[in-house]
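> Before we start, here is the structure in question, set down as structure tokens.
Residue numbers (the working numbering): 8 to 132.
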């Protein structure tokens, strides 16, 4: 799921947690609860019961729950079997598993284009 090196999990939003606001980190975020706001991180993982309502900017994103908003990824967006994404996805690599739901548009771009236009410089390797 993450390629060659495993990212360090730094932030967890638990299943009984609801967070309102903007979340920014240079590490990995796992969301098993509810986040209403934008997320900017190296990696974003949404658990099966997790949800994000807001825009996501990350190097990579794995969705097992629900994301409602636009997603920008310089590496990969993976929507798991029970995952649901509603919104636009800008990435270089999109993986949609059988049973997943994607309602929106996807834009496949070169890594450099995404980095220059959408990602914060400190989040790009």
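Built from N, CA and C at the ideal position, the CB exists for glycine as well.
Hey, would you say residue 73 sits closer than 8 Å to residue 91, going by beta carbons?
Indexing the chain shown from 1 puts residue 73 at position 66. Indexing the chain shown from 1 puts residue 91 at position 84. Going by beta carbons, residue 73 and residue 91 fall inside the 8 Å limit.
> Quick one: which unbroken beta strand (DSSP E) runs of 3-plus residues sit fully inside the region 31-63? Chain order, please.
35-38, 41-43, 46-53, 58-60
> Can you tell me whether residue 105 is buried or exposed? The criterion is at least 16 other CB atoms within 10 Å of its CB, across all chains shown.
If you number the chain shown from 1, residue 105 lands on position 98. Answer is exposed; the Cβ neighbour count stays below 16.
> For residue 63 versus residue 51, is the C-beta distance shorter than 8 Å?
Numbered from 1 along the chain shown, position 56 holds the residue referred to as residue 63. Numbered from 1 along the chain shown, position 44 holds the residue referred to as residue 51. A contact, by the Cβ cut-off of 8 Å.
> Hey, could you find the ends of the beta strand (DSSP E) residue 73 is sitting in?
What you label residue 73 is simply residue 66 of the chain shown in a count that begins at 1. 73-75 is the span of the beta strand (DSSP E), which, as asked, contains residue 73.
> Could you spell out the range, first to last residue, of the beta strand (DSSP E) harbouring residue 115?
Residue 115 sits at position 108 when you count from the first residue of the chain shown. Unbroken beta strand (DSSP E) run through residue 115: 113-115.
> Pick from 71, 46, 67, 93: whose alpha carbon is nearest that of residue 101?
On the chain shown, position 94 is the one that residue 101 refers to. The shortest C-alpha separation from residue 101 is found at 67.
> To which residues of the same chain is residue 22 closer than 7 Å at the C-beta, ignoring the five residues directly before and after it?
Taking the chain shown and counting its residues from 1, the one referred to as residue 22 is at position 15. Closer than 7 Å at the Cβ level, and outside the excluded window around residue 22, lie 39, 40, 56.
> Let's see if you can read the secondary structure: which residues bound the beta strand (DSSP E) around residue 23?
Position 16 of the chain shown, counting from 1, holds the residue named residue 23. Run containing residue 23: none; DSSP gives neither H nor E here.
> By Cβ distance, which residues of its chain are closer than 6 Å to residue 61, with the 5 residues on each side in sequence left out?
Against the chain shown, residue 61 aligns to sequence position 54. Counting only Cβ-Cβ distances below 6 Å, and skipping sequence neighbours, we find 44, 45, 76.
> Check residue 18 in the structure and name its three-state DSSP category.
Indexing the chain shown from 1 puts residue 18 at position 11. Three-state DSSP puts residue 18 in a strand.
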